[in-house]
Amino acid sequence: MADRSAIVTGGASGIGAACAERLAADGFRVLVADVQDELGRMVAQRIGGEFVRTDVTREDDIEALVDRAGSLDVFFANAGVFGALGPIEQTVADDADRTIAVNLRGTLLCLKHAVRVMRPRGRGSIIVTASPGGIVGGVGPHVYSATKAGVAGLVRSVAAEVREYGIRVNSVVPGAIVSPMTAAVLADDPADLDAAARAMAPSPLVGRPGAPGDVAGAVSFLASADSAFVTGSELFADAGYTNAPGPASFAKGKFAGH
Ligand SMILES: NC(=O)c1ccc[n+]([C@@H]2O[C@H](COP(=O)([O-])OP(=O)(O)OC[C@H]3O[C@@H](n4cnc5c(N)ncnc54)[C@H](O)[C@@H]3O)[C@@H](O)[C@H]2O)c1
């Protein structure tokens, strides 16, 4: 059995599933944590890991998950939902609460328990999935964007505290990625990944929409000893989307002025 272990929340689907697969290939024993039992079990079986049903809005679930991992090397806090959609004036407070409970409070609790078990061992890497929506306006739903700005702040704050325990905390920022989450919005059907891919503009960098596997290399790096000097940082696995969500307006002509 592998002697390094990793937890991936939201590991049953999309980015989490692709990263769970990559971490397993990197030699980690992977615990796939999700609320989707059947999919989670399938992913765990495929990668030789273990599925642990975990709802990140429940602290007792996270506590049990982390304790099950035993000596935990990597915690990838990736579970998330788009949650409340629509204009600000029509935001339903309960929907906002549910979105915050998963994306922000859930991530906070994952960090809390990951640090609890990593601190006595004096090492560990925590990776959080942030989003372009938390950095620039207009590319994500309101509450979602607020939660993702929140998790980025949480990463910086916690990283500052726990570096003296030998624990690193970083975020990964995926670009627009075809997954059940984006398909639910772009195609009205989380299972229709083809329709989501057709609806999503191809990335100018790679000539196609982003895929979950496009994030796996960044997560693998942050999980590995190659990033031993990296903490409190934000790693963009977004084909330049956050830097420039639209075309480069002034990349034409020769000179403007006298
Ligand atoms: N797809 C994108 O374009 C994109 C871009 C930037 C960031 N992200 C972020 O990446 C992460 C993964 O998204 P994805 O695109 O792979 O979507 P996805 O829907 O395929 O995966 C999200 C997973 O999280 C799980 N989940 C939801 N609520 C949970 C809860 N309470 N407890 C445990 N698990 C829960 C879901 O069951 C699902 O398996 C999310 O945090 C999302 O915000 C996605």
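Be aware that the sequence shown starts at 78, since it is given in the working numbering, and climbs by one per residue.
Virtual Cβ for every residue (Gly too), placed ideally from N, Cα, C.
### Message
Quick check: what's the CA-CA separation for A288 versus G201?
### Response
About 27 angstroms.
### Query
With distances taken from CA atoms, which of P251, E166, A268 is nearest C96?
Minimum Cα distance to C96 is reached at P251.
### Message
For the alpha helix (DSSP H) containing D138, name the first residue and the last one.
### Response
Boundaries of the alpha helix (DSSP H) harbouring D138: 136–146, taken from the DSSP string.
### Query
Smallest Cα separation from I320: which of S304, S280, A305, A264?
It is worth fixing the name first, because residue 320 is Asn in this sequence and not Ile. Comparing Cα-Cα distances from N320 to each of S304, S280, A305, A264, the minimum goes to S280.
### Message
If contacts are defined as beta-carbon pairs under 8 angstroms, then I203 and I244 qualify, I think. What distance do you get, rounded to the angstrom?
### Response
Sure, about 7 angstroms apart at Cβ, within 8 angstroms.
### Query
Is the stretch 132–146 touching the stretch 319–333, taking contact as three or more C-beta pairs under 8 angstroms?
They do not touch, by the three-pair rule.
### Query
What are the residues that DSSP puts in a beta bridge with P251?
Residue pairing by DSSP places P251 opposite A314 in a beta bridge.
### Task
Please check the pair D114 and G87, which I expect to be a contact at CB under 8 angstroms, by giving their CB distance rounded to whole angstroms.
Not confirmed; about 14 angstroms, so no contact.
### Message
Quick check on DSSP: helix, strand or coil for G201?
### Response
Note: G201 maps to strand in three-state DSSP.
### Message
Any heavy atom of ligand 1 closer than 6 angstroms to the beta-carbon of M258?
### Response
Distance from the C-beta of M258 to the nearest heavy atom of ligand 1 is below 6 angstroms.
### the stretch 295–306 touching the stretch 263–271, judged by at least three CB pairs closer than 8 angstroms
Under the three-pair Cβ rule at 8 angstroms, the stretch 295–306 does not count as touching the stretch 263–271.
### Query
Are V85 and G93 closer than 7 angstroms when you measure CB to CB?
The Cβ atoms of V85 and G93 sit closer than 7 angstroms to each other.
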